[in-house]
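The working numbering numbers the first residue of the sequence shown as 34 and each following residue consecutively. Everything below concerns the one structure shown next.
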Amino acid sequence: MLVINFLGLLLIILIAWWFWFYKPEEASAEEGVINIIVENGIYQPSHIRVTVGEPVTLSFLRKDASPCAATVVFDDFDISQELPLNKATNISLLPSAPGNYAFTCQMQMYRGELVVEAKK
């Protein structure tokens, strides 16, 4: 009985950490190229900061053999790109308006966010 209570408490702590304290890895496009790994059901990094009007290249390397990982979709930019397994695929963008833009797999299980900020 004590083991079950301990496991239940551990699960509650993990859930609280995931929803309230977990900070996904973030990258910014200071060099103009951001490398993104697609693996284990996530994009790494999943939050990307760029500046409006500055070109950026997102280089996706798919290591996940799941069919869901085979495509990345940027709905707001009208981009749907196939990602071959173990081969880098570049997507070049020139964001023209500030805002938060989601990128996902075709089933929207893998999720990321492109944050476009105004020039400082």
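Ideal Cβ placement from N, Cα and C applies to all residues, glycine included. All figures in this text were calculated on a predicted structure; none of them were measured in a lab.
Distance from the CA atom of K153 to the CA atom of P128, rounded to whole angstroms, is 15 Å.
Taking M142 as reference, the option from S79, N38, D109 and V148 with the minimal CA-CA separation is S79.
Between L35 and I70, the C-beta gap is not smaller than 8 Å, which leaves the two residues out of contact.
Comparing alpha carbon positions, the residue from K120, Q139 and L47 closest to P100 is Q139. A buried status is given to A102, since no fewer than 16 other beta-carbon atoms sit within 10 Å of its beta-carbon. The DSSP-derived three-state label of G41 is helix. Sorting G74, A121 and D108 by C-alpha distance to the C-alpha of N133 places D108 at the top.
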